[in-house]
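Below is the structure:
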């Protein structure tokens with residue numbers, strides 16, 4: 001994680017335990033194979049308090065990096081927060 005992403009997590013009220021919980025219990029809902037410099041994916045999981053949480057991670061071969069995490073907006077996602085609304 002970068003210092004920028006850590007600062008953004010704090011601003012959004014997201015703790016490391018929330019990110020860990022979402023990654024370990026969530027599912028990959030989108031894959032971005034053409035992302036540069038490494039492919040990445042979007043994981044839909046839950047915070048430690050049970051709130052929906054999205055985490056974007058890169059796949060760097062032998063390691064992964066957390067790029068960002070956010071609480072998804074219900075206006076942009078279906079009721080499961082796993083499918084983007086069209087329009």
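Residue numbers (the UniProt record's numbering): 1 to 87. C-beta atoms are modelled at their ideal positions from N, C-alpha and C, and glycine is treated no differently. As the structure is a computational prediction, the values presented were derived from the model and not from experiment.
Exposed or buried, which one is residue 62 when buried takes at least 16 other CB atoms within 10 Å? Sequence index remark: in the chain shown, residue 62 carries index 62 (1-based). Counting other Cβ atoms within 10 Å of its Cβ, residue 62 stays below 16 and is therefore classed as exposed.
Indicate the three-state DSSP secondary structure (helix, strand or coil) for residue 92 in the structure shown. Outside the shown range of the chain, which is 1 to 87, sits residue 92, and nothing can be said about it.
Which of the three DSSP states is assigned to residue 6 in this structure? Taking the first residue of the chain shown as position 1, residue 6 is located at position 6. Under the three-state reduction of DSSP, residue 6 is assigned to helix.
For residue 33 versus residue 39, is the C-beta spacing smaller than 8 Å? Position 33 of the chain shown, counted from the start, is the residue given in the question as residue 33. Position 39 of the chain shown, counted from the start, is the residue given in the question as residue 39. At a Cβ-Cβ threshold of 8 Å, residue 33 and residue 39 count as neighbours.
At which residues does the alpha helix (DSSP H) containing residue 25 begin and terminate? The residue labelled residue 25 in the question sits at position 25 within the chain shown. Counting along the chain, the alpha helix (DSSP H) containing residue 25 begins and ends at 16 to 25.
How is residue 30 classed by DSSP in three states: helix, strand or coil? In the chain shown, counting from the first residue as 1, residue 30 sits at position 30. Three-state result, residue 30: strand.
Provide the residue(s) that pair with residue 54 in DSSP beta bridges, ordered along the chain. By 1-based counting over the chain shown, the position of residue 54 is 54. In the DSSP assignment, residue 54 is bridged to 44, 70.
Separation of residue 56 from residue 28, as counted between CA atoms: Position 28 of the chain shown, counted from the start, is the residue given in the question as residue 28. Position 56 of the chain shown, counted from the start, is the residue given in the question as residue 56. Between residue 28 and residue 56, the C-alpha separation is close to 9 Å.
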